Structure formats: structure tokens, C-alpha cells
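Notes follow the structure.
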Amino acid sequence: MRETGLMRPVLYRALLLFFFALVACTAASRAQRSSSAEKVTYTSFPGEAAPRTSRLDTLLQQIRWDTRRAGDQNPDGLRLRFEMIRTPESDAGEPAQYRVFAEGAPENKVYSLGVWFIGKELLYRHENVYLNTQGLLMRHKPTPEQETAMKAPGDEVVLIPETASAEPVRYVLLSIDNQLSIQGTLVPHPVVGQDQECTLEARIAEPGTTAVLIVADGFPADARLSLVLESEGSAAHLDVTTDENGHAEVADFPAVPGKSQGSLLITAEASDCLPSVRLPWGVATSAKAP
Numbered sequence: 003m004r005e006t007g008l009m010r011p012v013l014y015r016a017l018l019l020f021f022f023a024l025v026a027c028t029a030a031s032r033a034q035r036s037s038s039a040e041k042v043t044y045t046s047f048p049g050e051a052a053p054r055t056s057r058l059d060t061l062l063q064q065i066r067w068d069t070r071r072a073g074d075q076n077p078d079g080l081r082l083r084f085e086m087i088r089t090p091e092s093d094a095g096e097p098a099q100y101r102v103f104a105e106g107a108p109e110n111k112v113y114s115l116g117v118w119f120i121g122k123e124l125l126y127r128h129e130n131v132y133l134n135t136q137g138l139l140m141r142h143k144p145t146p147e148q149e150t151a152m153k154a155p156g157d158e159v160v161l162i163p164e165t166a167s168a169e170p171v172r173y174v175l176l177s178i179d180n181q182l183s184i185q186g187t188l189v190p191h192p193v194v195g196q197d198q199e200c201t202l203e204a205r206i207a208e209p210g211t212t213a214v215l216i217v218a219d220g221f222p223a224d225a226r227l228s229l230v231l232e233s234e235g236s237a238a239h240l241d242v243t244t245d246e247n248g249h250a251e252v253a254d255f256p257a258v259p260g261k262s263q264g265s266l267l268i269t270a271e272a273s274d275c276l277p278s279v280r281l282p283w284g285v286a287t288s289a290k291a292p
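Sequential numbering from 3 applies to the sequence shown in this note's numbering.
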């Protein structure tokens, strides 16, 4: 789902810039940062109660999971990579299948693969997972013929997540000696807006889409972005700064007083692009995978 056909005549852009300035004056106070040591930037709409610390902690954990970073259990900042397997079933509308790679991870370890669904606890669904030299996740130790294979039908780990639009599923590959942990986020049905090289993605962060993660990519490095958020007649404004890779990830609580569901429109303005994306909220979600 993409919202890419944005009108950009001079008058439209001038009116939109005026709207940015107006919202910034009236709603900038809604932008908040959690009190965690590593802060979560988030916004909510007037009249809504401040989110509890436990909700902010979960959002922070999701943002950490989604972002490439080095750590004690992952000193090289390795990430899981998901490759769609094109099958007749997926072409006919059945859930797509994915093979998984952990490029750069050592082969001489045994791993477990865990999955974290929105609103659920982390579960380990695949035990005794092995890697070949390509980083392909396999259900048994690779044979000599499979050592350099990029696929191994019948022997590779296959994921078949069933998700709603914008619903992420997070996976972690953990060595059984607990020395290495590699994470990755898969969004089978992303909701993305794009303008030139800039992309703006909305991801469900809580069941019912009561919280949303906003992921910006492809923007200039270390650049200031102005986000305008509109939900059922209410507006909020949030300023964020991209990292050295032109990436930023923030949160929003889209609920407004007197409404049980609605639609959230997010627009991001940078120096030379203006992507926007829309996501319904108050809608039940239920991801599942084998």
C-alpha cells in the first residue's frame, strides 16, 4: 500500500507549509520524550492522557529491535534478512513464505529462532537452527553440498507469517550459548508513503493500533524533519532529526477524545521531499505464524 501520487503545485506547497507553521504553534507542546535513559520521542493528541511508562518501555524496545546497532551480544551490529519465496500459493493470495539469512554470523554455533508478535510475549518456535557459509538458516547442519547454497528447499527454515497491513513481526536468532543475538523485523504488508528518495512508513505498535511507530528512511543525514499528524479533526506536530543514515523512528498515540476508531494521516517535510502515509486506528489485529 503506497500513497505516492502527491500534488505539488506551488500554491499547494505554500498552503501546506502554512499549515505546518500553524500546527507547530498550537500543538508543539504535545511532543514528548519518555523518562527512560534512552528516550522515546512520541506525540499524542489534545485531551488524551499521557501514556504509562510500561507502554513507552515497550515502544522503546520495538525501536531498538528495528534499528541496526552493535551491542554486547552483537558487536558487529548484524541483522536478520528475510527473502520472500515466490510460490504459486503466495501468488494466489495465500500468505507469503520467507527464508532467513544471518550474514556474518558464525557457522560453528547452534541457534534458536524466536518470534515476537505485537501484544505478545517472545516465543522460541525453532530450536537447533544451523547456518551455512551464506548465513542461510537451516533446520539441520548443512551437508557439504549445502554449505554455499542460497536456498535449501525442505531443509531451510521457512517463515509463513499471517499479518494485517502495517503489522510487523520481529524475530531474534539466539545462540544456545547466549553469546550472540541477531534481530530483524519483517513487515509483510508495509504501509509506506514515498516522495523521491524519502519514505515514510507507519507500523502498528499495539493491538488495535492504539500506538503507531513512524519510520522515516532515505532522508538527508542529520536533517530536521517536521511531522504533521492529523487524526479525526485533531492535529499535532513533531520535530525529529535523522541519524547519519537519514533514518528516524518515533511514536504516536492516534486516539482522540470521543472516538473509538479513525484514521491517522502523517506528513513529513524535509528540504526536498514531502511524503505522507495514512493508517486506520482502532482496528483489531492478529498476527500468527507456525
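Idealized CB from N, CA, C, for every residue including glycine.
Source: prediction; values computed, not measured.
- When C-alpha distances from R71 are compared across E234, A270, G186, the shortest belongs to G186.
- Every beta strand (DSSP E) stretch that sits fully inside the segment 47-88 and reaches 3 residues is listed by chain position as 83-87.
- The alpha-carbon of R57 is positioned some 11 Å away from that of G121.
- Judged by pairs of C-beta atoms under 8 Å, the segment 48-64 touches the segment 251-268, as three or more such pairs exist.
- Secondary structure at T211: helix, using DSSP grouped into helix, strand and coil.
- In the DSSP assignment, R205 forms a beta bridge with L215.
- The shortest CA-to-CA distance from L227 to any of S273, E199, A168, S233 is the one to S273.
- Straight-line measurement puts the Cα of K143 at about 15 Å from the Cα of A107.
- Taking V279 as reference, the option from M152, Q196, N247 with the minimal CA-CA separation is Q196.
- Around P277, the same chain offers G195, Q196, D197, C200, T201, L202, A270 as residues with beta carbons nearer than 7 Å, after the five sequence neighbours per side are excluded.
- The bridge partners DSSP lists for P222 come to none.
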